[in-house]
Amino acid sequence: MKKEQIVDVLETIATLLELQEENPFKIRAYTNAARSIEAWGGNLRELAEENRLQEIPGVGKAIAGKISELVLTGESTFFAELRSKFPPGILELFGLPGLGAKKIKALYEKLQVGSIADLKKACEMGRVAELPGFGKTTQDKLIATISNRAKHVGSFQLGAVAAEAEELLDDLRQHPGATQVSSAGSYRRRKEIVRDLDFIVATQAPEAITEFFVGHALVESVSARGATKTSVRLHSGIQADLRVVSTAEYPFA
DNA sequence: CCGACGTCGCATAGTC
DNA sequence: GACGATGCGA
DNA sequence: GTCGG
């Protein structure tokens, strides 16, 4: 297992320990270890094989043991057991502003809320406002936040994808077969939130352009490939659509 | 072995 | 309206 | 859970 994944596991352990109201210092120990490992340049596998994990600040005997297990087997019995105590979706709830461990625990124990979808239903049924510590205001705000969030699933901040978009545009323009290249849609309009990137290329050689597009270094995977429209996913995770048109119809595309 | 581990201020919403 | 709880960031 | 006296 890779370093980033291990860091993620340690952070998740900390979060789950919060839910069962563990000793706050123990919780922090896990987050500290995660931060520390993140900053550690070296190779975890080597360190694990030489039993030197404890050289990393914040990593003691217990956490070192869990890391070795993760590095070697990709699993941790402790983590698996901890995880099994809660529904997987409960971690989503930490992403909602205003919700922390205490509130989430109450929602889970009293209303069996184990995901954002569950929470939305509970709010809509008016059950959340009944809970001590919650009220109508909170319930309404949660509904609003969740609905708002749904709109942004699979969307990106403009700045987060601008670099990829521009690089792709430039490279398409470099291609000898492309006579006109432009972006379209929300990216062209510089909307703050973009769901996907749209490119339009005028060409006499659609096949070659498509080939070039799907083979581009920024492309992670190809989800659809047709004569006039091709969809791919870039490394950042955003979807990018390419429309190829004849030079004659480009002005109308 | 055993105690310390950051702390404070602010905002918000709920309860008394 | 005061007060404690919770969440969040400095 | 980890660190340090």
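Position in the first sequence (first residue = 1) + 4 = the working numbering.
Heads up, the beta-carbon is just placed ideally off N, CA and C, and yes, glycines get one too.
Residue i, enclosing alpha helix (DSSP H) - first and last residue
i           : result
residue 98  : Segment: none, residue 98 is in no alpha helix (DSSP H) and carries neither H nor E.
residue 20  : 7 to 23
residue 210 : 210 to 218
residue 33  : 28 to 43
Range of the contiguous beta strand (DSSP E) that encloses residue i
i           : result
residue 207 : 200 to 207
residue 238 : 233 to 238
residue 187 : 182 to 188
Own chain residues within Cβ distance below 8 Å of residue i, not counting five before or after
i           : result
residue 121 : 93
residue 145 : 102
Rounded Cβ spacing between residue i and residue j (contact assumed at less than 8 Å)
i           : j           : result
residue 7   : residue 41  : 7 Å
residue 162 : residue 198 : 6 Å
residue 98  : residue 35  : Actually they are not in contact, since the Cβ atoms of residue 98 and residue 35 sit about 13 Å apart, beyond 8 Å.
Neighbourhood of residue i by C-beta distance below 7 Å, restricted to the same chain and skipping five residues each side
i          : result
residue 37 : 14, 62, 63, 67
residue 60 : 40, 41, 44
residue 30 : 21
Spatial neighbours of residue i in its chain, beta-carbon cut-off 6 Å, leaving aside the 5 residues before and after
i           : result
residue 133 : 139, 140, 143
residue 249 : 206, 257
Three-state secondary structure assigned by DSSP to residue i
i           : result
residue 246 : strand
residue 223 : strand
residue 257 : coil
residue 60  : coil
Are the region 239 to 256 and the region 197 to 212 touching by the rule of at least three beta carbon pairs closer than 8 Å?
yes
Tell me whether the region 72 to 88 and the region 126 to 145 touch, counting them as touching only if at least three CB pairs, one residue from each stretch, are closer than 8 Å.
no
Three or more C-beta pairs closer than 8 Å, one from the region 162 to 172 and one from the region 232 to 245: is that the case here?
yes
At a cut of 8 Å, does the region 60 to 76 reach the region 87 to 107 through at least three beta carbon pairs?
no
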